[in-house]
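Undergrad: Input: one structure, supplied below.
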Amino acid sequence: MSNSLMQKLEILSGAAKYDVSCSSSGSNRGNKGKGIGNSVAAGICHSFTDDGRCISLLKVLFTNYCIYDCAYCINRRSNDIPRAAFTVDELIDLTINFYRRNYIEGLFLSSGVINNPDYTMERLTRIAKELRIKHRFNGYIHLKAIPHASEALINEAGLYADRMSVNIEIPTEPELKRLAPEKDFNGVLEPMSLIKNRIIENQDERKRYRGVPLFTPGGQSTQLIIGATPESDLQILKLASGLYQDQKLKRVYYSGYLPVNLRDQRLPALKEPPLVRENRLYQSDWLMRYYYFKADEIVNEKHPDLDLEIDPKLSYALRNPHLFPIDINRADYEMILRVPGIGVKSALLIINARKYRRLNMEHLKKIGVVLKRAKYFITCNELPAHQKEFYPEIIRQQILAKHTTSRSKTIQGIQLSLFDNNLSLPNP
Amino acid sequence: MNIFIYDNTFEGLLTAVFDSYSLKIIPDILVSQKEYQDYLWANKFEINTDICKAERVWEGLEKKLSSKNINLPFRIFLSEENDNTRLLFDFIRLVFDSHHNIETDYGNPVILTARQAERKVLQEACRMLQFVRFQKTGDDIYFSGITPAFDVLPLIVRHFEDRFADQKWVLYDMKRDYGFYYDLKGITEITLREKQFDSSNGELHSDTVAENEIFYQRLWKNYFDHICISERINPKLQKNHMPRRYWKFLPEKRL
Ligand code: SF4
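Sequence order for the protein chains is A and B. Residue 2 is where the first sequence starts when you use the numbering used here, and the numbers rise one by one after that. Residue 157 is where the second sequence starts when you use the numbering used here, and the numbers rise one by one after that.
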């Protein structure tokens with residue numbers, strides 16, 4: 002363990018990069034009494050890596066040594082890779098010095114499991130505690146809850162963290178057991194439920210008594226690996242939807258599987274990560290969180306997988322022609338949100354603006370509606386003007402034809418709005 | 157043809173609104189002294205900036221606009237674009253001339269354009285919160301030299317004051333040659349006479365910079381490089397989020 006700090010950072014950030022969570026949102030920790038930093042509810046991205054992902058936090062592992070051997074993980078014990086571990090002081094020094102230079106919003110600390118879950122969780126907790134108490138650090142702290150760690154440790158960690166996460170990784174239990182024989186769903190769901198209940202209790206206590214310390218005010222998140230195992234999008238979105246509803250998660254992240262352990266027979270030999278599918282899942286996730294869609298409106302037994310060619314909202318509209326066209330000047334907000342080509346921002350502008358005057362296509366265009374898409378699904382005239390027949394297959398072809406030339410651009414354009422976590426999105 | 161000439165201050169613009177009501181004239185052209193050219197057949201009105209008149213217009217706005225939009229006029233003003241001055245003038249008059257609150261009447265081009273202009277300014281302010289980078293000087297001041305597209309420093313200093321309350325810092329707009337200095341107690345507006353930095357990218361001269369500063373920049377760059385997943389390289393997406401014009405200020409992109 003005599004690596005220089007530079008080398009350690011290289012190893013332990015390289016080992017953390019597959020955790021795609023980047024958000025620093027959901028917490029509003031003030032800077033009382035002139036300590037270091039604060040947290041702003043919307044979160045801030047301070048840089049973007051060459052792969053286009055947001056850097057908001059210093060995301061590192063405490064150590065990449067691990068006693069487990071999960072097939073999909075680069076850090077599993079059977080891999081022959083350079084290993085390292087930070088000291089507590091090194092990590093604190095890095096966090097604070099990066100923070101003071103406005104490089105980051107805070108720390109996202111995870112770890113391989115060393116000795117046993119409690120030992121590891123205890124290390125992570127201690128770092129968060131020192132940052133908060135000794136260094137009066139009010140920046141964002143995201144801590145990983147180590148599966149099977151004791152209740153007491155998780156309770157303590159939550160006092161210092163803004164967000165906690167336990168990664169499910171593999172969306173169904175039998176598949177998880179096949180790839181990570183030492184793991185099970187319980188090990189993940191137990192700490193998750195524990196944190197959920199503590200958060201609810203804490204919010205309640207804080208309403209009733211003054212001075213109750215915060216418990217994980219930014220809530221919880223988790224990550225699912227996509228494409229390493231054969232689950233359908235229906236299974237994945239059902240799981241995600243349950244996590245939002247029952248476990249009250251703030252975010253579910255989807256990580257397109259990257260074959261990090263090439264020769265493991267239990268895993269598919271993908272040439273490249275399933276990026277389009279991953280993107281479609283994020284879009285669906287957004288539909289559930291901001292557009293009032295239910296999972297089974299996006300995918301169902303008949304259509305268990307997302308359409309890779311068109312986005313899930315368009316796909317929904319084409320499968321439900323009887324709901325369209327809608328009248329922009331009358332339809333309610335939730336229905337306007339369902340129109341392809343109209344996002345949250347435009348929908349809000351529309352319902353505000355139509356109080357003053359009847360809106361026409363020209364207005365909509367200026368407001369920012371993508372008419373190329375939306376025009377098939379809306380009317381602006383009061384009179385039931387001559388309505389062209391609604392042929393989903395033709396609309397699909399027309400919209401696709403416009404996009405084939407700039408297909409890659411479209412995908413990136415969509416991702417732009419997905420990872421843009423600092424601009425004017427309604428809070429979940 | 158009527159021309160209003162004002163002194164390019166926010167108060168001057170508000171005074172122009174006041175005068176336009178008292179003179180009962182809507183100017184055909186509204187320009188700052190700097191940009192004024194002689195027009196042969198024009199009626200010239202030199203607007204004398206008057207704090208009292210400006211205050212009265214402001215108070216009127218406070219009554220007419222919701223708290224959410226009360227800062228919209230000033231934000232648009234910070235965009236420093238001539239078209240926007242006119243837009244702002246029209247916007248304020250429109251607000252006064254309407255009996256009810258019209259701030260969300262986005263079917264009206266003036267209201268919609270005003271909102272869009274405001275959002276552009278706010279976006280630039282937001283980008284500053286993202287991409288400002290401090291370098292530590294030998295005497296423990298954290299310095300950042302930047303050139304925002306609009307004059308947004310006034311919109312962002314509060315954020316830095318709250319956040320970096322226990323360190324001295326300077327935020328300096330190198331294009332407009334002014335900045336703010338926080339000395340642990342409060343913020344003062346400053347203009348630096350001697351520039352101890354490279355004014356193209358804000359980099360501190362080597363005799364000004366703290367001893368370990370470069371070390372942390374290298375660590376940061378090292379982190380930046382290794383947190384990237386090479387199988388997913390996507391320069392276009394990166395540039396969408398982080399336009400090229402900011403790169404020269406970022407150690408992770410400059411080093
Ligand atoms: S426990 Fe975590 S770090 Fe260890 S091998 Fe499994 S996934 Fe990787």
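In this text, a Cβ means the ideal position worked out from N, Cα and C, and glycines have one as well. These numbers were taken from a predicted model, which means no experiment stands behind them.
Which same chain residues end up closer than 7 Å to A/Lys130 when comparing Cβ atoms and leaving out the 5 residues on each side of it in sequence?
TA: Counting from 1 along the first sequence, the entry for residue 130 of chain A is found at position 129. If we look at A/Lys130 and ignore the five residues flanking it on each side, its Cβ neighbours are Tyr161.
Undergrad: Report all residues from its chain with a CB closer than 7 Å to the CB of A/Ile142; omit the five preceding and five following residues, and keep chain order.
TA: For the purposes of this step, residue 142 of chain A is taken as the residue at position 141 of the first sequence. Closer than 7 Å at the Cβ level, and outside the excluded window around A/Ile142, lie Gly107, Leu108, Ala129, Leu132, Tyr161, Ala162 and Asp163.
Undergrad: If we call anything under 8 Å between Cβ atoms a contact, is A/Ser111 one with A/Lys145?
TA: On the first sequence, position 110 is the one that residue 111 of chain A refers to. On the first sequence, position 144 is the one that residue 145 of chain A refers to. Result yes, Cβ atoms of A/Ser111 and A/Lys145 sit closer than 8 Å.
Undergrad: Given this structure, state the Cα-to-Cα distance separating A/Ser285 from B/Asp329, to the nearest angstrom.
TA: As a position in the first sequence, residue 285 of chain A is number 284, starting the count at 1. As a position in the second sequence, residue 329 of chain B is number 173, starting the count at 1. Near 42 Å, if we compare the C-alpha coordinates of B/Asp329 and A/Ser285.
Undergrad: According to the neighbour-count rule (16 or more other Cβ atoms, all chains shown, within 10 Å of its Cβ), is A/Thr50 buried or exposed?
TA: Mapped onto the first sequence, residue 50 of chain A falls at position 49. A/Thr50 is buried by the Cβ-count criterion.
Undergrad: For A/Ser14, go through chain B and note every residue whose CB falls closer than 7 Å to its CB, in chain order.
TA: As a working mapping, residue 14 of chain A is identified with position 13 in the first sequence. Chain B residues near A/Ser14: Tyr379, His382 and Ile383.
Undergrad: Give me the Cβ distance between A/Gly344 and A/Leu372, rounded to the nearest whole Å; I'm assuming they're in contact under 8 Å.
TA: Taking the first sequence and counting its residues from 1, the one referred to as residue 344 of chain A is at position 343. Taking the first sequence and counting its residues from 1, the one referred to as residue 372 of chain A is at position 371. Their Cβ separation, rounded to whole angstroms, is 13 Å, which puts A/Gly344 and A/Leu372 out of contact at 8 Å.
Undergrad: Would you verify that the beta carbon of A/Asn32 is, or is not, closer than 8 Å to some beta carbon of chain B?
TA: Residue 32 of chain A sits at position 31 when you count from the first residue of the first sequence. Closer than 8 Å to some Cβ of chain B, the Cβ of A/Asn32 qualifies, so yes.
Undergrad: Any beta-carbon of chain B closer than 8 Å to the one on A/Asp328?
TA: Here residue 328 of chain A refers to the residue found at position 327 of the first sequence. It does not: the Cβ of A/Asp328 has no partner Cβ on chain B nearer than 8 Å.
Undergrad: Of the residues B/Thr269, B/Phe230, B/Asp163 and B/Asp246, which one's Cα is nearest the Cα of B/Asp206?
TA: On the second sequence, residue 206 of chain B is found 50 positions in, with the first residue counted as 1. Considering only alpha carbons, the answer is B/Asp163.
Undergrad: Which residues, taken in chain order from the segment 237-262 of chain A, show a beta carbon closer than 7 Å to some beta carbon of chain B?
TA: The residues in question are Leu259.
Undergrad: Express the C-alpha separation of A/Ala354 and B/Leu196 in angstroms, rounding to a whole number.
TA: By one-based count along the second sequence, residue 196 of chain B stands at place 40. By one-based count along the first sequence, residue 354 of chain A stands at place 353. The alpha-carbon atoms of B/Leu196 and A/Ala354 are separated by roughly 42 Å.
Undergrad: Sort out for me which residues DSSP pairs A/Leu59 with in a bridge.
TA: For the purposes of this step, residue 59 of chain A is taken as the residue at position 58 of the first sequence. Answer by DSSP bridge pairing, in chain order: A/Leu108.
Undergrad: Is the Cβ-Cβ distance between A/Val340 and A/Ile327 less than 8 Å?
TA: As a first step, residue 340 of chain A must be located in the first sequence, where it is residue number 339. As a first step, residue 327 of chain A must be located in the first sequence, where it is residue number 326. Closer than 8 Å, so yes.
Undergrad: Please state whether DSSP places A/Thr121 in a helix, a strand or coil.
TA: Start at 1 with the first residue of the first sequence, and residue 121 of chain A comes out as number 120. In the structure shown, A/Thr121 sits in a helix (DSSP, three-state: H, G or I).
Undergrad: If we define contact as Cβ-Cβ less than 8 Å, is A/Leu95 a contact residue for chain B?
TA: Here the question's residue 95 of chain A lines up with position 94 in the first sequence. So yes, A/Leu95 belongs to the interface.
Undergrad: Using three-state DSSP, classify A/Tyr377 as helix, strand or coil.
TA: As a working note, residue 377 of chain A is residue 376 in the first sequence. The answer is coil: DSSP assigns A/Tyr377 none of H, G, I, E or B.
Undergrad: Of all Cβ atoms in chain A, is any one closer than 8 Å to the Cβ of B/His255?
TA: Residue 255 of chain B sits at position 99 when you count from the first residue of the second sequence. No, its Cβ sits nowhere closer than 8 Å to a Cβ of chain A.
Undergrad: Given a threshold of 16 other Cβ atoms within 10 Å of its Cβ, counted over all protein chains shown, does B/Asp363 qualify as buried or as exposed?
TA: By 1-based counting over the second sequence, the position of residue 363 of chain B is 207. B/Asp363 is exposed by the Cβ-count criterion.
Undergrad: In the DSSP output, which residue or residues are listed as bridge partners for B/Leu360?
TA: The residue given as residue 360 of chain B occupies position 204 in the second sequence. B/Leu360 pairs with B/Phe353.
Undergrad: Confirm the yes/no value for this check: CB of A/Ala229, any heavy atom of the ligand SF4, distance under 7 Å.
TA: The residue labelled residue 229 of chain A in the question sits at position 228 within the first sequence. No, the beta carbon of A/Ala229 sits no closer than 7 Å to any heavy atom of the ligand SF4.
Undergrad: Could you work out which residues of chain B lie near A/Ala354, taking near to mean beta carbons separated by less than 9 Å?
TA: Indexing the first sequence from 1 puts residue 354 of chain A at position 353. The answer, in chain order, is Thr260, Asp261, Tyr262, Gly263, Asn264, Ile267 and Leu268.
Undergrad: For B/Leu393, decide whether its Cβ has a neighbour in chain A, counting only Cβ atoms nearer than 8 Å.
TA: Sequence index remark: in the second sequence, residue 393 of chain B carries index 237 (1-based). So yes, B/Leu393 belongs to the interface.
Undergrad: Of all Cβ atoms in chain A, is any one closer than 8 Å to the Cβ of B/Ile302?
TA: Reading the second sequence from its first residue, position 146 is the one you call residue 302 of chain B. Chain A contact via Cβ: absent.
Undergrad: In whole angstroms, what is the alpha-carbon distance linking A/Arg252 and B/Tyr177?
TA: Stepping through the first sequence from its first residue, residue 252 of chain A is reached at position 251. Stepping through the second sequence from its first residue, residue 177 of chain B is reached at position 21. Approximately 53 Å between the Cα atoms of the pair.
Undergrad: Of the residues that make up the segment 171-205 of chain B, which ones have a beta carbon closer than 7 Å to any beta carbon in chain A?
TA: Those would be none; no residue qualifies.
Undergrad: Using a cut-off of 9 Å between C-beta atoms, extract the partners of B/Asp163 located in chain A.
TA: One-based indexing of the second sequence puts residue 163 of chain B at position 7. Residues of chain A passing the Cβ test: none, with the nearest at roughly 33 Å.
Undergrad: Would you say A/Cys71 faces chain B, with C-beta separation under 8 Å as the test?
TA: Along the first sequence, one-based indexing puts residue 71 of chain A at 70. With 8 Å as the cut-off, A/Cys71 does not count as an interface residue toward chain B.
Undergrad: Where B/Asn390 and A/Gly53 are concerned, what is the direct C-alpha to C-alpha distance, given to the nearest angstrom?
TA: Within the second sequence, residue 390 of chain B is the residue found at index 234, counting from 1. Within the first sequence, residue 53 of chain A is the residue found at index 52, counting from 1. C-alpha separation (whole angstroms): 6 Å.
Undergrad: Under the rule that 16 or more other beta-carbon atoms within 10 Å means buried, what is A/Pro269, buried or exposed?
TA: Within the first sequence, residue 269 of chain A is the residue found at index 268, counting from 1. Classification of A/Pro269: exposed, given that the 10 Å Cβ count is below 16.
Undergrad: By a C-beta neighbour count over all protein chains shown, 10 Å radius and 16 as the cutoff for buried, is A/Ile395 buried or exposed?
TA: By 1-based counting over the first sequence, the position of residue 395 of chain A is 394. It is exposed - the Cβ of A/Ile395 has fewer than 16 other Cβ atoms within 10 Å.
Undergrad: Tell me the DSSP secondary structure of A/Asn361 in three-state form.
TA: Within the first sequence, numbered from 1, the residue matching residue 361 of chain A stands at position 360. Reduced to three states, the DSSP call for A/Asn361 is coil.
Undergrad: Identify the residues that DSSP records as bridge partners of A/Leu180: which are they?
TA: Along the first sequence, read from residue 1 onward, the residue named residue 180 of chain A stands at position 179. Answer by DSSP bridge pairing: none, since A/Leu180 is not bridged.
Undergrad: When DSSP labels each residue in this structure, what does B/Val187 get in the three-state scheme?
TA: Working through the second sequence from its first residue, we reach residue 187 of chain B at position 31. Reduced to three states, the DSSP call for B/Val187 is strand.
Undergrad: Going along chain A, which residues have a C-beta under 8 Å from B/Tyr372?
TA: Locating residue 372 of chain B in the second sequence gives position 216, counting from the first residue. Simply Asn98, Phe99 and Arg102.
Undergrad: How would you label A/Asn428, buried or exposed, when you count the other beta carbons within 10 angstroms and need 16 or more for buried?
TA: Here residue 428 of chain A is taken as the residue at index 427 of the first sequence, counted from 1. Confidence in A/Asn428 is poor, its pLDDT being 31 and thus under 50, which makes the residue's placement unreliable; the coordinate value appears in the next sentence. The residue in question, A/Asn428, is exposed, as its Cβ has fewer than 16 Cβ neighbours within 10 Å.
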